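Residue numbers (UniProt numbering): 1 to 380. Report on the structure given below.
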Amino acid sequence: MSSKSTAPASQPATGSAAARPPAAASSTSTTAPSPASTDAAAAAPTTPAKKLPTCVLLVGMAGSGKTSVMQRMNAHLLTTKQRPYIVNLDPAVTHVPYAPNIDIRDTVKYAEVMKQYQLGPNGAILTSLNLFTTKFDQVLDLLEKRQDSVDYILIDTPGQIEVFTWSASGSIITDSLAATYPTVVAFVVDTPRSASPATFMSNMLYACSILYRTRLPFVVLFNKSDVTDPAFAIEWMRDFEAFQSALHASDHSDHEPPYMHSLVQSMSLVLDEFYSILDPVSFSAVTGLGAPALFEAFGRARDEYFKEYKPELERLIQEREKRQKDQRQRQMEKLMRDIKLEEAQGTGTEKGQVGAGADAGAGSAGQEQSKGKGKAKPRK
């Protein structure tokens, strides 16, 4: 599969994902069986199942520092002798400070998409992802080939967060990955810009939207902790009264419209329960501060995936298979009824034709007899 493609934007190359070997790092892969491989382990108890790599989907608003976070995560994994496999899904980025194993830019040309479809920057990014998603099965094939030799699959995404809030391509990507690998969503928050309660609430609403869209384990990564300590944001998530106090203070200092205070207050009441299922982590992409705590959070999210998401996914699959089986059964029963009805109608038609033929024969014989009686016999 070629690492570069010259295919036009409307026709993504057959090799939609350019595979490169994972970064060099020696590590002994664990062989602890996962719930997804219970049947295989039962069938062959002497052969332990391979541990699937953890898939981390890095999402966040534009400017939150996702690419820098990806670079720091990659460096931390290599330092700790763990092997990452990196996928870049941002078609508009001009430079990435890491070497992606799969790069969307090798398949879809962002500038050509803008020109060919006459789109703006945001529309071209969404369209590029839609085109790339049509070949995402090839990405899964490449990941499957490397899954035994890597510990983490890291996926960098564009800042257009609407990809994962309402776009079909985002759902296809997350569902495809989560169906195979323990998948975690890491939502990157720009801590300095979230110092205002209104901006903080806006970020949390986006996080809530992605959480309920994907239903995957969720880690909130407060980036740029070297600039602003995110302790205030974590406190707001855990203490409703602390957020209310900050909101009242900002109401007098920021000169916000009167309706903004009541709106944010109402939303904070709604999201208070939502915060309890989020795992906040303080992190700095510049200094690497908080990297160990971040990967510990990924470990907890991985456990949550196997305890909650995977059983629910299997239940939904079983329900879908049952619905399909019931539908096929109903269709078969309807077909058999139609066949029996047609046979019954055909038998009745044949009997009617036989009866009509007999009546016609009898009528002809009667007519002949009548004709014979009506003729005068010659005298001898």
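Cβ atoms here follow ideal geometry from the backbone N, Cα and C, with glycine treated the same way. All figures in this text were calculated on a predicted structure; none of them were measured in a lab.
| Query | Result |
| --- | --- |
| Buried or exposed (CB count within 10 angstroms, at least 16 for buried), Thr134 | exposed |
| Residue nearest to Ala179 in terms of C-alpha spacing, selected from Asp239, Glu273, Asp148 and Arg315 | Arg315 |
| Rounded separation between Asp106 and Gln138 - CA only | 14 angstroms |
| Cutoff 9 angstroms: Glu308 Cβ touching any chain D Cβ | Any reference to chain D falls outside this structure, which holds one protein chain only. |
| Boundaries (first-last residue) of the beta strand (DSSP E) holding Pro84 | Pro84 to Asn88 |
| Residues bridged to Ser266 (per DSSP) | According to DSSP, Ser266 bridges with nothing at all. |
| Identity of the residue in Ala285, Glu319 and Tyr275 nearest Pro97 by Cα | Ala285 |
| Cβ contact (3+ pairs, closer than 8 angstroms) linking the region 146 to 162 and the region 52 to 65 | yes |
| Contact check, Leu177 vs Leu57, beta carbons under 9 angstroms | yes |
| Pairwise C-alpha distance: Phe132 and Val189 | 26 angstroms |
| Assigned secondary structure, residue 381 (DSSP; H/G/I helix, E/B strand, else coil) | The chain is shown only over 1 to 380; residue 381 falls outside these bounds and no answer can be derived. |
| Residue range of the unbroken beta strand (DSSP E) whose run includes Val56 | Thr54 to Gly60 |
| Euclidean distance between Cα positions of Glu333 and Gln318 | 22 angstroms |
| Where Tyr152 falls: helix, strand or coil (DSSP) | strand |
| Inter-residue Cα distance where the pair is Ala242 and Thr287 | 29 angstroms |
| Close Cβ partners of Pro84 (< 6 angstroms) along its chain, the five nearest in sequence each way excluded | Asn74, Leu77, Tyr152 and Leu154 |
| Simplified DSSP state of Val163, which is helix, strand or coil | helix |
| Local conformation of Ser29 per DSSP, three classes | Residue placement at Ser29 is flagged as unreliable, the pLDDT there being 37, under the threshold of 50; a coordinate-derived value is accordingly withheld. |
| Rounded C-alpha distance that separates Phe240 from Ile161 | 27 angstroms |
| Assigned secondary structure, Ala92 (DSSP; H/G/I helix, E/B strand, else coil) | coil |
| Nearest-angstrom Cα separation, counted from Ala195 out to His261 | 15 angstroms |
| Nearest-angstrom Cβ-Cβ length linking residue 381 and Ser128, presumed shorter than 8 angstroms | As displayed, the chain neither begins before 1 nor continues past 380, which places residue 381 out of reach and without an answer. |
| 8 angstroms contact criterion, which Leu221 and Val185 should meet: CB distance rounded | No, Leu221 and Val185 are not in contact; Cβ-Cβ is about 10 angstroms, not under 8 angstroms. |
| Same chain, Cβ closer than 8 angstroms to Leu271, five either side skipped, listed in chain order | Met201, Met204, Leu205 and Cys208 |
| Straight-line Cα distance separating Phe274 from Glu235 | 14 angstroms |
| Own chain, CB closer than 6 angstroms to Met114, minus 5 neighbours either side, in chain order | Ala124 |
| CB contact flag (residue 437, Ile173, <9 angstroms) | There is no way to answer for residue 437, as the model of the chain reaches only from 1 to 380. |
| Other residues of its chain near Gln329: CB distance less than 6 angstroms, five sequence neighbours each side excluded | none |
| Bridge partner(s) assigned by DSSP for Arg223 | As written in the sequence, residue 223 is Asn, which differs from the Arg given in the question. Looking at the DSSP assignment, Asn223 forms a beta bridge with Asp190. |
| Where residue 401 sits in the DSSP three-state scheme | As shown, the chain starts at 1 and ends at 380. That puts residue 401 outside it, with no answer to give. |
| Neighbourhood of Ala24 by C-beta distance below 6 angstroms, restricted to the same chain and skipping five residues each side | In this prediction, Ala24 has a pLDDT of 41, which is less than 50 and means its spatial position is unreliable; what the coordinates show is noted afterwards. Correct list: empty, nothing qualifies. |
| Val113 (DSSP reduced to helix, strand or coil) | helix |
| Where Ala43 falls, given that 16 or more other Cβ within 10 Å makes a residue buried | Residue placement at Ala43 is poorly supported in this model, since its pLDDT is 40, which falls under 50; the coordinates are not used for a value here. |
| DSSP beta-bridge partners of Thr183 | Cys55 |
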